[in-house]
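Q: Mind looking over this structure? Questions follow.
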Amino acid sequence: MMRWPLACVLAFVAALATLGSVQSALATTMFDAPLSPAEVVEIDRALDGHEIVVEGEAIGEHLRAMGGGRWVNILGDEVGLGIWVTDEMAARIEHFGDYRHTGDIVRVTGIVNIACEEHGGEFDVHATSLEIISRGEPRPQDIEPMKGVIGGVGLVFAYGLWWLYRMRRDRRMI
Numbered sequence: 001m002m003r004w005p006l007a008c009v010l011a012f013v014a015a016l017a018t019l020g021s022v023q024s025a026l027a028t029t030m031f032d033a034p035l036s037p038a039e040v041v042e043i044d045r046a047l048d049g050h051e052i053v054v055e056g057e058a059i060g061e062h063l064r065a066m067g068g069g070r071w072v073n074i075l076g077d078e079v080g081l082g083i084w085v086t087d088e089m090a091a092r093i094e095h096f097g098d099y100r101h102t103g104d105i106v107r108v109t110g111i112v113n114i115a116c117e118e119h120g121g122e123f124d125v126h127a128t129s130l131e132i133i134s135r136g137e138p139r140p141q142d143i144e145p146m147k148g149v150i151g152g153v154g155l156v157f158a159y160g161l162w163w164l165y166r167m168r169r170d171r172r173m174i
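Residue 174 is where the sequence shown ends in my numbering, and the numbering goes up by one at each step.
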């Protein structure tokens, strides 16, 4: 009779031990390879204050941070992440991504802050090192003449409808 509850307790303890080893294995794997900004945003809250490596495209521009340093946004997996960097680190980034340019791909090692006390409780990463993986470049802007032709035909058609409307309206007034 007493063996059944004991077996349940032992099975529960074994399951917890297995879960703990899986989580530690995931955490070890997490720090071996660079994370994307999307993975950093979804990071376990228990890793607050730990060092991580994140990789993505520098976008927008670097912005002056209150109290010194710069903010750099990096993009990866359609998620942006704010990184606090020193002025020297920010100066190494030559190209920021926008509509006409691909930004530099950067690898940042830094400390994750779930609620950063220095920056108003915001989620951020404070960079300890920044490495340029590849330089950005201008994006080719292909001109498509067919789109211009379609737009012109649409304008002529809209003008014709407007003219027809005016003619019918004027006939009713007479």
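Positions of the beta carbon are idealized from the N, C-alpha and C atoms, including for glycine.
These figures come from a predicted structure and were not determined experimentally.
1. Could you check whether the segment 106 to 115 touches the segment 142 to 158, counting it as contact only if at least three pairs of C-beta atoms, one from each stretch, sit closer than 8 angstroms?
2. What three-state label does DSSP hand residue 38 in the structure shown?
3. Can you tell me whether residue 25 is buried or exposed? The criterion is at least 16 other CB atoms within 10 Å of its CB, across all chains shown.
4. If you draw a straight line from the alpha carbon of residue 167 to that of residue 161, how long is it in whole angstroms?
5. For residue 89, does the count of other Cβ atoms within 10 angstroms reach 16, so buried, or fall short, so exposed?
6. Within the chosen definition, does the segment 126 to 134 reach the segment 150 to 165 through at least 3 CB pairs nearer than 8 angstroms?
7. With which residues is residue 56 paired in a DSSP beta bridge?
8. On the criterion of 16 or more Cβ atoms from any shown chain inside 10 Å, does residue 163 qualify as buried, or is it exposed?
9. So which of 139, 50 and 49 has the shortest CA-CA distance to residue 104?
A: On the basis of the supplied data:
1. no
2. helix
3. Caution is warranted here: a pLDDT of 39 is assigned to residue 25, below 50, making its placement in the model unreliable, and the coordinate value is therefore given only provisionally. Result: exposed.
4. 10 angstroms
5. buried
6. no
7. 106
8. exposed
9. 139
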